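Visitor: For the record, in the sequence shown the residue sitting at position 458 is 1941 according to this note's numbering, with numbers rising by one throughout. Note that beta-carbon positions come from the ideal geometry of N, C-alpha and C, so glycine has one too. The model shown is predicted, which means the values in this text are computed figures rather than measured ones. Sharing a structure with you now.
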Amino acid sequence: MVIKEKIEKRKQICCIGAGYVGGPTMAVIALNCPDYDITVVDINKKRIKSWNGDIEKLPIYEPGLSEIVHKTRNKNLFFSNQVDQAIKKAEIIFMAVNTPTKQEGEGKGMATDLSFVEDCAKRIAMNSESNKIIVEKSTAPLGTAMRISEILQTNKMPINFEVISNPEFLAEGTAINDLQYPDRVLIGGEETKNGNRAVEKIADIYRNWVSDDKIITTNLWSSELSKLASNAFLAQRISSINSLSVLCDVTGANIKQVSRAIGADSRIGDKFLEASVGFGGSCFKKDILNLVYLCKFYGLDEVSEYWHQVVKINLYQKNRFVSRIIENLDNNIRNKKITILGWAFKKNTNDTRESAAIDVSTRLLKKGAKITVYDPMVSKESIIYDIKENFKDQMTSKFLSKIKFSDNILSAAKDSDCIAILTEWDEFKSIDWSKVSKNTSSLFIADGRNILDSEQIKNSVDKYISVGNSKF
Ligand code: NAD
Ligand code: UDX
């Protein structure tokens, strides 16, 4: 009896969405908050099965994640497909579902598709029998919290819903560290008595491991905008440095030197100034396009165009990289073998969404090249999925027949006409190029991540191009 009462008193959190945000975020909350029971639910049965399966094969690869899941799973962290049941018993419900760019209808290609968020809100409305705090963890356009509130009002029971915005700032590959030691936790709520109380309840969760000075509270609109703006600022820095890399390539400047000189100014700082083949990931492009769309919606065309340029430069950078490969292969890549080293959008993740490798490979295939891919963490199935998605119905099978997969660098690089480095995996930084060159007639490296030492590499390869260093 005593035990039963104790169990009933435990605070119940539900998180809808067991993806790259829901999984790691709830694992870290579970680790730091032993008084809470956390149930992460998803409609994707395969994903939940995998969260409950072999600890070494969780659906998401993040350094440090499996250790935390190992400590908390089935103690105060649970993964389940029973969405309605978890909603019913929770006092606090995080929504960490996907918010992709709309593929059809008004705002197609720019605005955010809120259907997953709206489906969750409807499900919460249908299944709630007690007061609940709904936490918008997903990145969503301004006004989404109000839209969620509207949907929740369809529940006619005498209960209270408070909607809070608590955007997530983790970056993949460093998610656990970012969650354990966040720069800030942002919590936005309605400026009412109930709103303030709900904000405090969410802040109390984080206070278990985050100091008060890092917890920022705002109104709902500011919180929603701050998330979009943070991503836009980060991506803007990459597009800014990438735009300068173009100038470096046509002059004698070296982007690494320029980057270092700019970043040494403490007002600017040295982060996010690494020139590359272009940024990828599920967030930057979609969130900036969302911002662009919102500005347009409010008639702010100049502001909209300003941010749009960040995405346009990114596409330009990826295309430019492909063009430079083709130029260096005598403007003809038909049936030439190009080795793609790295498919993930950055190192230390198995996520490939919007990875530069997808666009670069698609363009190379369309120009007639054959490609062989090696990535230490991304499965062959994921790569095939990405290619199919990118080509849609345009003769996918023809292009798929031109892709090979390899489980090691040496075999991937054998007889290659060009080796393109597209992810900055550590193992690519220390390749023994003399071994690679034994199996190629001429060794041409296109370093899309500037990870190799250009001075050293020129002695062991026939041709080397990087981003923003015209000398090579
Ligand atoms: P994800 O696609 O990995 O995970 C979302 C999950 O939600 C999926 O498993 C999906 O099956 C599930 N889902 C969708 N609708 C559902 C429903 N009605 N009921 C139950 N489950 C449902 O996405 P993600 O990368 O975790 O991103 C989630 C949100 O967090 C997005 O809004 C994204 O912009 C934001 N975000 C992502 C990152 C990141 O690095 N990935 C960082 C910060 C913020
Ligand atoms: C980003 C934000 O950093 C994070 O705060 C937000 O919550 C989600 O979106 P993420 O996309 O996971 O995180 O990774 P990030 O480290 O930001 O890298 C995004 C892309 O930019 C990667 O392709 C990365 O390789 C590229 N990048 C990053 C550069 O090209 N140059 C840089 O200097 C930094």
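(1) Rounded to a whole number of angstroms, what is the C-alpha to C-alpha distance between Val1668 and Lys1697?
(2) If I measure Cβ to Cβ from Ile1816 and keep anything under 7 Å in the same chain, skipping five residues before and after, which residues do I get?
(3) With a Cβ-Cβ cutoff of 8 Å, do Val1856 and Trp1826 count as a contact?
(4) Mind checking which residues open and close the beta strand (DSSP E) that includes Cys1603?
(5) Let me check you understand the geometry: is the CB of Ser1759 closer than 7 Å to at least one non-hydrogen atom of the ligand UDX?
(6) Terminal residues of the continuous alpha helix (DSSP H) containing Thr1855?
(7) Going by DSSP, name the residue or residues bridged to Thr1822.
(8) Who does Ser1563 pair with in a DSSP beta bridge?
(9) Quick one: which unbroken alpha helix (DSSP H) runs of 4-plus residues sit fully inside the segment 1491-1516? Chain order, please.
(10) Starting from the Cα of Thr1595, find the closest Cα among Ala1736, Glu1683, Ser1611 and Val1580 and give me that residue.
(11) Is Arg1606 close to the ligand NAD? I mean its beta-carbon at under 7 Å from any heavy atom of the ligand.
(12) For Ala1839 versus Gly1763, is the C-beta spacing smaller than 8 Å?
(13) How is Asp1842 classed by DSSP in three states: helix, strand or coil?
(14) Given that a residue counts as buried once 16 or more other Cβ atoms are within 10 Å of its Cβ, and exposed if not, what is Ile1490?
(15) Can you tell me the Cβ-Cβ gap for Ser1613 and Ala1628, rounded? I've got them flagged as a contact below 8 Å.
(16) Find out if the Cβ-Cβ distance for the pair Arg1932, Ile1904 is shorter than 8 Å.
(17) Assuming Val1511 contacts Ile1659 under a Cβ cut-off of 8 Å, what Cβ separation, rounded to an integer in Å, is found between them?
(18) Bridge partners for Ile1575 per DSSP, in chain order?
(19) Mapping DSSP to helix, strand and coil, what is Val1805?
(20) Touch check for the segment 1582-1590 and the segment 1539-1550: three-plus C-beta pairs under 8 Å?
(21) Check this for me: beta carbons of Gln1792 and Val1760, under 8 Å apart or not?
(22) Using 8 Å for Cβ pairs, my map puts Ala1608 next to Thr1637. What's the rounded Cβ distance?
(23) Ordered along the chain, which non-local residues of its own chain (more than five positions away) have a Cβ less than 6 Å from that of Arg1836?
(24) Where does the unbroken alpha helix (DSSP H) through Asn1557 begin, and where does it stop?
(25) Can you name, in chain order, every residue of its own chain whose Cβ lies under 8 Å from the Cβ of Asn1811, other than the five neighbours on each side?
(26) Nearest CA to the CA of Asn1610: which residue from Arg1630, Val1618 and Lys1639?
(27) To which residues of the same chain is Gly1656 closer than 8 Å at the C-beta, ignoring the five residues directly before and after it?
(28) What separation, rounded to the nearest whole angstrom, lies between the Cα atoms of Asn1773 and Phe1577?
(29) I want to know whether the segment 1719-1735 touches the segment 1697-1711 - three or more CB-CB distances under 8 Å.
(30) Name the DSSP bridge partner or partners of Leu1772?
(31) Using only CA atoms, which one of Gly1536, Ala1501, Thr1555 and Phe1911 lies nearest to Pro1517?
(32) Would you tell me roughly how many angstroms separate the C-alpha atoms of Ile1892 and Trp1916, rounded to the nearest one?
(33) For a test of your reading of the model: does the CB of Ile1721 fall under 7 Å from any non-hydrogen atom of the ligand UDX? Yes or no.
(34) In whole angstroms, give me the CA-to-CA distance for Asn1515 and Tyr1664.
(35) Tell me where the alpha helix (DSSP H) around Phe1888 begins and ends.
(36) CB-CB under 8 Å to Asn1677, same chain, minus the five flanking residues each way: which ones, in chain order?
Guide: Concretely, from the data shown:
(1) Taking the straight line from one Cα to the other gives about 6 Å.
(2) Correct list, in chain order: Ile1809, Leu1847, Lys1850, Gly1851 and Ala1852.
(3) In contact: Val1856 and Trp1826 (Cβ atoms closer than 8 Å).
(4) First-last for Cys1603: Ser1598 to Asn1610, but that is the alpha helix (DSSP H), not the beta strand (DSSP E).
(5) Yes - the ligand UDX has a heavy atom lying nearer than 7 Å to the Cβ of Ser1759.
(6) First-last for Thr1855: Lys1853 to Tyr1857, but that is the beta strand (DSSP E), not the alpha helix (DSSP H).
(7) Paired residues: Thr1855 and Ile1902.
(8) Beta-bridge pairing links Ser1563 to Val1524.
(9) As far as the segment 1491-1516 is concerned, its whole alpha helix (DSSP H) runs of at least 4 residues are 1505-1515.
(10) Residue Val1580 is the option with its Cα nearest to Thr1595.
(11) Result yes, Cβ under 7 Å from the ligand NAD.
(12) Going by C-beta atoms, Ala1839 is nearer than 8 Å to Gly1763.
(13) If DSSP states are grouped into helix, strand and coil, Asp1842 belongs with the helices.
(14) Note that Ile1490 scores 49 on pLDDT, short of 50, meaning its location in the model is unreliable; the coordinates nonetheless yield the value given after this. So Ile1490 counts as exposed.
(15) The pair is not a contact, with the Cβ atoms about 20 Å apart (cut-off 8 Å).
(16) Ile1904 is positioned such that its CB atom lies closer than 8 Å to that of Arg1932.
(17) With 8 Å as the limit, Val1511 and Ile1659 qualify as a contact, their Cβ atoms being about 7 Å apart.
(18) The secondary-structure analysis by DSSP pairs Ile1575 across a beta bridge with Ile1496 and Ile1616.
(19) The answer is helix: DSSP assigns Val1805 an H, G or I state.
(20) At 8 Å Cβ cutoff, the stretches do not touch.
(21) With contacts defined by Cβ atoms closer than 8 Å, Gln1792 and Val1760 do not form a contacting pair.
(22) 5 Å between Cβ atoms; contact.
(23) Once the five neighbours on either side are set aside, the close Cβ partners of Arg1836 are Ser1765.
(24) Looking at the DSSP string, Asn1557 is not in any alpha helix (DSSP H), and its letter there is neither H nor E.
(25) Cβ-Cβ distances below 8 Å link Asn1811 to Cys1901, Phe1927, Ala1929, Lys1946 and Ile1948 in the same chain, with the five nearest sequence neighbours on each side left out; the list follows chain order.
(26) Closest option to Asn1610, Cα to Cα, is Lys1639.
(27) Hits under 8 Å: Glu1545, Pro1546, Lys1829, Lys1830, Asn1831 and Thr1832.
(28) Cα-Cα distance, rounded: 22 Å.
(29) No, the segment 1719-1735 is not in contact with the segment 1697-1711.
(30) In DSSP, Leu1772 forms no bridge with anything.
(31) For the residues Gly1536, Ala1501, Thr1555 and Phe1911, the minimum Cα distance to Pro1517 belongs to Thr1555.
(32) Approximately 10 Å between the Cα atoms of the pair.
(33) With a cutoff of 7 Å, Ile1721 counts as near the ligand UDX, since its C-beta is closer than that to a heavy atom of the ligand.
(34) Spanning the two alpha carbons is a distance of roughly 12 Å.
(35) Unbroken run through Phe1888 is the beta strand (DSSP E), Ile1886 to Phe1888; no alpha helix (DSSP H).
(36) Closer than 8 Å at Cβ, skipping near neighbours: Asn1643 and Glu1645.
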